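Inspection log for the structure reproduced underneath, given as structure tokens.
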Amino acid sequence: EPPLLFLLEEYKNYLDAANMSMRVRRHSDPARRGELSVCDSTSEWVTAAEKKTAVDMSGATVTVLEKVPVPKGQLKQYFYETKCNPKGYTKEGCRGIDKRHWNSQCRTTQSYVRALTMDNKKRVGWRFIRIDTSCVC
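Sequential numbering of the sequence shown, starting at 1, is according to UniProt numbering.
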């Protein structure tokens with residue numbers, strides 16, 4: 001389950017959308033206009049318990065700690081990961097690319113995010129780790 005802050009943002013976006021007129025909503029929905037992403041992807045919240053290890057900026061494998069200590073207890077670490085959808089269009093190349101003239105491929109790309117980790121010498125600290133963040137052509 002995502003942190004409360006993100007749930008509040010989603011609720012605010014829902015309220016904003018509910019306040020729009022039907023005419024505006026109908027024209028702002030990309031699915032109604034036939035717009036599709038070049039590459040299909042799936043996104044989900046991942047806990048540190050599910051992630052367990054990651055690669056930091058120096059290329060070392062580190063252990064991702066499940067909980068972050070705060071003055072009033074501990075908080076779980078969450079990561080929002082996006083990957084190419086294996087059941088999607090990715091096997092046939094990118095959507096919208098002329099397959100007769102071009103070879104294309106959807107690939108999951110990674111970015112660095114901060115996480116509380118422990119290295120192989122048992123040193124705990126905040127480090128940048130790589131996580132899956134998008135699916136690109």
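Glycine is no exception: its CB is placed at the ideal position from the N, C-alpha and C atoms. Given the structure is predicted, the values throughout are model-derived calculations rather than measurements.
E66 and A49 - do their beta-carbons sit closer together than 8 Å? It is a contact, given that the beta carbons lie within the stated cut-off.
By Cβ distance below 7 Å, which residues in the same chain neighbour E44 in space, the five residues on each side in sequence not counted? Counting only Cβ-Cβ distances below 7 Å, and skipping sequence neighbours, we find E81.
Using the C-alpha atoms, what's the distance from I97 back to K83? Just so you know, the alpha carbons of K83 and I97 end up roughly 20 Å apart.
Let me know the beta strand (DSSP E) ranges lying completely inside the segment 29-113, each 3 residues or longer, listed in chain order. Those beta strand (DSSP E) runs which fall completely within the segment 29-113 and span 3+ residues are 41-47, 53-55, 61-64, 67-70, 73-76, 78-84.
Backbone secondary structure at R127 - three-state DSSP: In the structure shown, R127 sits in a strand (DSSP, three-state: E or B).
Exposed unless 16 or more other CB atoms sit within 10 angstroms - verdict on R127: Per the 10 Å Cβ criterion, buried.
For V38 and F79, believed in contact at Cβ under 8 Å, the rounded distance: No, F79 and V38 are not in contact; Cβ-Cβ is about 24 Å, not under 8 Å.
With distances taken Cα to Cα, identify the nearest neighbour of T109 among V136, S41, K87. For T109, the closest of V136, S41, K87 by C-alpha to C-alpha distance is V136.
Which one of K72, R123, T117 has the shortest CA to CA distance from D56? A check of alpha carbon separations from D56 across K72, R123, T117 identifies T117 as the nearest.
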